[in-house]
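For the sequence shown, my numbering assigns the number 2 to the initial residue and increments by one for each residue that follows.
For glycine and all other residues, C-beta sits at the position ideal for the given N, C-alpha and C.
None of the values given here were measured: they were computed from a predicted structure.
These notes concern the structure reproduced below.
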Amino acid sequence: MKTYLIGYDLNKSGQDYKDLIDAIKNLSPTWWHHLDSTWIIKSDSTASAICDALAVHIDGNDELLVVKLSGEGAWIGFNDKGSKWLKDNL
Numbered sequence: 002m003k004t005y006l007i008g009y010d011l012n013k014s015g016q017d018y019k020d021l022i023d024a025i026k027n028l029s030p031t032w033w034h035h036l037d038s039t040w041i042i043k044s045d046s047t048a049s050a051i052c053d054a055l056a057v058h059i060d061g062n063d064e065l066l067v068v069k070l071s072g073e074g075a076w077i078g079f080n081d082k083g084s085k086w087l088k089d090n091l
């Protein structure tokens, strides 16, 4: 499985993130979410396919980023559970 980072900004005030969050969680049982608008998931899909699947849950003025991760990473400030997930899945 490949590892993808998903980031988004919903730019209209009062937007509901629930549909988008549910869609991200439904893409993969293996996901990480410790930053407000940033997720990491494991998937056999492509970045384009993931982006297309999520695009129906955002408005035209929103921003969505899906990128495949290389496996290298560095971080600070996350709890042990969050850090372990990153070490195990990047």
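Here Ile77 is not near Val67, since their CB atoms are 9 Å or more apart.
Inclusion of Tyr18 and Leu11 in the CB contact set at 9 Å is warranted, their separation being smaller than that value. Residue state for Ile59 is assigned as coil, using DSSP reduced to three classes. Between Ile22 and the set Thr4, His58 and Tyr5, the nearest pair of CA atoms involves His58. Judged by DSSP in its simplified three-state form, Trp40 adopts strand. Non-local beta-carbon contacts of His34 in its own chain, meaning distances under 6 Å to residues more than five positions away in sequence, involve Trp40 in chain order.
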